[in-house]
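The opening residue of the sequence shown carries number 1 in the UniProt record's numbering; numbering runs sequentially from there. Every residue, glycine too, gets a C-beta built ideally from N, C-alpha and C. Just so it is clear, the structure is predicted and the values come from calculations on it, not from any experiment. Okay, so here's the structure we're looking at.
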Amino acid sequence: MRLSIICFTEAGAGLCIKLLQELLKTGQPCEGYGPESILKSCPGGDLMIPVSTSLSQWTREQFSQKEGIVFIGAAGIAVRAIAPFLRSKAEDPAVVVMDDRGRFSISLLSGHLGGANDLAMRLAGIAGGQAVITTATDNHGRFAVDLFAREQGLVITELKKIKEISAASLKGEKIGFHCDFPFSGKLPDGLVSGKVFRINLWITMKEKAEKEVLRNSLRLVPKVLVVGIGCRKGVSAETIERVVDLLFREWNLSPEGMAACASIDIKKEEEGICQFAAAKDVPFYTYPARVLEETEGEFSSSSFVKQITGVDNVCERAALACVKALGGGRLLAGKKAAEGVTAAVAVLDWKMALERKTIFNLDSLGGKG
């Protein structure tokens, strides 16, 4: 999480410096900001960046650049500053507000998905204050699906269903848990594996359910799919996207599950692939022909491709080489060729570990008492 902290008073600057010093010790990327007039006379003020723009402009910039923002000052200042830039649960950064004495650390925005609840607790620990957590599932010790998804690295496909699931959890309803992947550990209280109830969760890489009982479930998608791509020089990102989308539809794969793209190293700077990976917000890995040739498996072979690239298949071999490099996996969807593009999909070996905290222990929140 890239973090920005802003203060408005001398006391706030002192607290900001304390937070920066402790966070930087742990390797946490963070920056502190404040009025130049205060920083000049504040011991340690050289650690901070003077703010020369309006608070509104500063907030706009932080919303687009950082995953966490901390306001040291009145909650009303923070609310008015962030209001014009709010987008959605899936996009908004974590926002925490602290008073300038560090007595309270309030999770204001994106408590679960953005991690503001965790951040508020961490900052309270540094300041010796009290974290203020207001999310209902946490205060009642109930299962929170958005926190669960964040901890497990799952993409929530329908954000509107979070409210429905939280309401069911607060009422004490049982929630069905269905997982297409192996998992270990104890399920959070309230989840029942393999049973169908009014509300159900489905952890899957599939786009559509074959079973009727799962069609109204909330899909939680792990990022486990690697797309191998080969293409003619100059093919556009839009063309690549059409071919990949077609392959995903044919194999009933969820686009949210895309974890990376891969190709041969001579395509390292291929504009279409680079733009496609950037648009999907996934890394693009490339491998030499030698590495692809040494990748073991059954692949469709092309003498023409071998003549041009030095290897008989790019997309399948690249996808499989990538998942092997990332920890292991298998080729899932073989070569799809269209419009000067070849694409294939490999899936990472993935197991969900449930030995995490999907419910906050509010008794553990530190405070002065």
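Are the CB atoms of F104 and Q65 nearer to each other than 8 Å?
no
Does A83 pass the burial test, meaning 16 or more other C-beta atoms within 10 Å, or should it be called exposed?
exposed
Cα-Cα separation between E269 and E296, rounded to whole angstroms
26 Å
So which of E61, D138, G176 has the shortest CA-CA distance to L220?
G176
Given this structure, state the Cα-to-Cα distance separating L86 from L320, to the nearest angstrom.
40 Å
Where does N139 sit, in a helix, a strand or coil, going by DSSP?
helix
Integer-rounded CB distance, given that F143 should sit under 8 Å from S184:
Going by Cβ atoms, the distance from S184 to F143 rounds to 18 Å, so no, they are not a contact pair.
Counting only runs that start and end within the region 101-175, where is the alpha helix (DSSP H) found for 4 or more residues in a row?
116-127, 136-139, 145-152, 160-171
Which first and last residues belong to the beta strand (DSSP E) in which C7 is found?
3-7
Which of the three DSSP states is assigned to L354 in this structure?
coil
7 Å CB neighbourhood of A259 in its chain, flanking five on each side removed:
K223, V224, L225, V226, V282, L348
Excluding five sequence neighbours on each side, which residues of the same chain lie with their C-beta closer than 8 Å to the C-beta of K40?
none
Buried or exposed (CB count within 10 angstroms, at least 16 for buried), E316:
buried
DSSP three-state assignment for E31, whether helix, strand or coil:
strand
Other residues of its chain near I106: CB distance less than 6 Å, five sequence neighbours each side excluded
V97, V132
Between which two residues does the beta strand (DSSP E) carrying K335 extend?
329-338
How about the region 182-201 and the region 301-318: do they share at least three Cβ pairs that are nearer than 8 Å?
no
Three-way DSSP call (helix, strand, coil) for W58 in this model
helix
Using the beta-carbon count (16 or more within 10 Å), is V213 buried or exposed?
exposed
Give the straight-line distance between the Cα atoms of F197 and E173, rounded to the nearest whole angstrom.
9 Å
On the criterion of 16 or more Cβ atoms from any shown chain inside 10 Å, does A277 qualify as buried, or is it exposed?
buried
Specify, as a first and last residue, the run of the alpha helix (DSSP H) that S37 falls within.
36-39
Distance check for G45 and I240, CA to CA, integer angstroms please.
50 Å
Pull up the distance between the alpha-carbon of E298 and that of V341, whole angstroms please.
20 Å
Going by alpha carbons, who is nearest to L8 out of E250, V235, D100, G111?
The amino acid at residue 8 is misidentified as Leu; the sequence shows Phe. If we check each option's Cα against that of F8, D100 comes out closest.
For C322 and D189, I'd like the C-alpha separation in whole angstroms.
37 Å
Taking Cβ positions, are F148 and K351 nearer each other than 8 Å?
no
What does the alpha-carbon distance come out to for the pair T358 and G12?
Since pLDDT at T358 reaches only 47, below the 50 mark, its modelled position is unreliable, and the value read off the structure follows with that caveat. When rounded, the distance between both Cα atoms is 33 Å.
Does the structure place the region 154-167 close enough to the region 53-63 that three or more beta carbon pairs sit under 8 Å?
no
For the beta strand (DSSP E) that F71 lies in, which residues bound it at each end?
68-72
Burial state of F304, where buried means 16 or more other Cβ atoms lie within 10 Å
exposed
If I'm right that residue 435 touches C30 with Cβ under 8 Å, what's the distance once you round it to whole angstroms?
Only positions 1 to 369 of the chain appear in the structure, and residue 435 is not among them; the question remains open.
Report the rounded CA-to-CA distance for I199 versus D146, giving the unit in angstroms.
15 Å
What residue from A209, K336, K89 has the CA that sits closest to S301's CA?
K336
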